[in-house]
Amino acid sequence: MGSESSGIFIIKRLEYLSRFNIDYNFLPISTEDSLLISTIKKLFKQEPKKLVEVVVGDRVFNPQKIDLSFFNRIKILKKNYIAWMKYAKKMAKILEKEMLNKKYDLIHAHRGFPEGVAANIASKSQNVPYVVTVHGGEIHSLMRYFKDTIIRTLEEAKKVFFVSEFLLNFAKKKGYSGKNAVVIPNGYDPQIFFPIDKEVIRKKLGVYKEGYKYVGFVGNLIPVKRADKLAEIFKSIKKFVPNTKFIVVGDGFLKEQIKSETRKLDIIFTGRISQREVAEWMNVMDVMILPSRNEGWPCVIVEAQACGTCVIGSNNGGIPEAVGFEEYIVDEGKNFEERFANKVVEILVNGYIPDQFIKHAKKFTWENIVKMEIEEYKKLGITR
Numbered sequence: 020m021g022s023e024s025s026g027i028f029i030i031k032r033l034e035y036l037s038r039f040n041i042d043y044n045f046l047p048i049s050t051e052d053s054l055l056i057s058t059i060k061k062l063f064k065q066e067p068k069k070l071v072e073v074v075v076g077d078r079v080f081n082p083q084k085i086d087l088s089f090f091n092r093i094k095i096l097k098k099n100y101i102a103w104m105k106y107a108k109k110m111a112k113i114l115e116k117e118m119l120n121k122k123y124d125l126i127h128a129h130r131g132f133p134e135g136v137a138a139n140i141a142s143k144s145q146n147v148p149y150v151v152t153v154h155g156g157e158i159h160s161l162m163r164y165f166k167d168t169i170i171r172t173l174e175e176a177k178k179v180f181f182v183s184e185f186l187l188n189f190a191k192k193k194g195y196s197g198k199n200a201v202v203i204p205n206g207y208d209p210q211i212f213f214p215i216d217k218e219v220i221r222k223k224l225g226v227y228k229e230g231y232k233y234v235g236f237v238g239n240l241i242p243v244k245r246a247d248k249l250a251e252i253f254k255s256i257k258k259f260v261p262n263t264k265f266i267v268v269g270d271g272f273l274k275e276q277i278k279s280e281t282r283k284l285d286i287i288f289t290g291r292i293s294q295r296e297v298a299e300w301m302n303v304m305d306v307m308i309l310p311s312r313n314e315g316w317p318c319v320i321v322e323a324q325a326c327g328t329c330v331i332g333s334n335n336g337g338i339p340e341a342v343g344f345e346e347y348i349v350d351e352g353k354n355f356e357e358r359f360a361n362k363v364v365e366i367l368v369n370g371y372i373p374d375q376f377i378k379h380a381k382k383f384t385w386e387n388i389v390k391m392e393i394e395e396y397k398k399l400g401i402t403r
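Counting in our numbering, the sequence shown runs from 20 upward without gaps.
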């Protein structure tokens with residue numbers, strides 16, 4: 020089970036579970052924006068959230084909707100414990116209804132909270148064990164509000180999959196024992212992310228300029244990604260490497276601010292695009308940057324590396340683990356943006372060997388990741 024917004028991380032897992040002949044059902048459970056909230060979002064040029072069916076191969080999974088009043092939604096946004104637990108219990112009821120008169124060997128919840136809580140409730144009522152995959156936000160953001168509940172959910176699971184060592188260690192510092200933990204990151208699709216000749220793809224996309232370097236960012240344009248500092252980083256790079264094009268792939272409420280601050284730069288904003296389009300733009304880039312203030316396991320890193328593109332990242336969260344090479348990591352501290360830009364300039368001037376990144380990324384194909392998870396299922400006696 021997972022939220023409807025869990026997206027590609029779950030879909031890819033399910034595709035490979037099918038290939039390995041593991042039988043499963045998927046319950047995408049979430050809520051959608053009411054008419055009032057949709058209207059407010061449109062006023063701020065944001066897309067309202069609507070539930071959509073999830074397609075995995077030739078199977079279609081319909082989203083399971085939880086109705087939330089405007090006031091309960093506000094309570095959830097304010098991290099009200101009672102409101103969150105009511106939401107988790109509603110998820111559990113949907114899960115329990117699905118499990119009635121059907122034989123399930125295991126519940127696999129994606130995110131420790133609230134999905135993990137719902138799995139725990141259903142596990143006890145249906146006498147079926149559960150495992151949890153921890154992706155990040157429920158640990159480094161929600162732990163401060165719901166620490167005891169989250170830790171209890173993790174401790175009572177048969178197994179907890181953390182997407183990075185950083186997240187596991189963070190949970191341990193908060194009181195989690197780690198006795199049932201294993202680190203299994205998210206993966207990437209090698210049929211989508213692979214090297215393309217940079218000159219060829221730049222010409223295809225109409226952005227080729229002889230002698231130019233290309234620096235890009237891929238992600239949500241929000242503060243935790245340090246998108247508010249992209250303009251400063253880009254401008255510092257431009258000072259030393261004038262012939263540089265910048266690419267911003269993604270969307271978010273900081274987009275207009277970034278556009279305003281970079282209007283004198285040679286910059287491209289793609290907005291939200293498909294994975295195949297993302298892969299093309301990653302191949303355009305000489306360097307992709309990820310200066311985030313926090314991350315669980317940023318898949319965009321291994322996706323870019325699979326394209327043979329160098330990634331420079333901050334020393335936060337799971338970024339160093341994903342990058343895999345400490346020389347491409349920039350520590351937090353004074354003058355961070357300037358030092359980050361200097362590292363990018365260093366790479367643009369001196370170059371790099373793409374094959375080292377491609378080799379590193381291959382460890383994280385979805386096939387390899389799902390094989391690791393299936394091995395953990397087998398240890399629990401789940402083999403079909």
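Even for Gly, the Cβ is constructed at its ideal location relative to N, Cα and C.
key: Assumed close pair N205, V179 - CB separation to whole angstroms, cut-off 8 Å   = 15 Å between Cβ atoms; not a contact.
ask   = On the three-state DSSP scale, how would you describe V226?
value = coil
query = DSSP puts G269 in a beta bridge; with which residues?
reply = G290
query = Does the pairing of the segment 149–160 with the segment 344–364 give three or more beta-carbon distances under 8 Å?
reply = no
Touch test, the segment 63–81 against the segment 38–48, Cβ-Cβ under 8 Å, three pairs minimum = yes
ask   = Are the beta-carbon atoms belonging to D305 and L224 less than 8 Å from one another?
value = no
inquiry  = Looking at the secondary structure, which residues open and close the alpha helix (DSSP H) in which Y396 lies?
reply    = 385–398
task = Measure the beta-carbon distance from K257 to L284 and round it to whole angstroms, keeping in mind my assumption that it falls under 8 Å.
result = 6 Å
ask   = Who are the near neighbours of F28 in its chain, counting only those whose CB is closer than 6 Å to its CB and skipping five residues on each side?
value = N205
query = Do the CB positions of M307 and T328 come within less than 8 Å of each other?
reply = yes
ask   = If you run the structure through DSSP and keep just helix, strand and coil, what is L125?
value = coil
Nearest to G230 (by Cα), restricted to the options G238, V237, F236, E218 = E218
message = I'd like the list of long-range same chain contacts for K166, defined as Cβ closer than 8 Å, with 5 residues on each side in sequence excluded.
response = K193, G194
ask   = With distances taken between CB atoms, is the gap from I320 to A298 smaller than 8 Å?
value = no
query = Where does N99 sit, in a helix, a strand or coil, going by DSSP?
reply = coil
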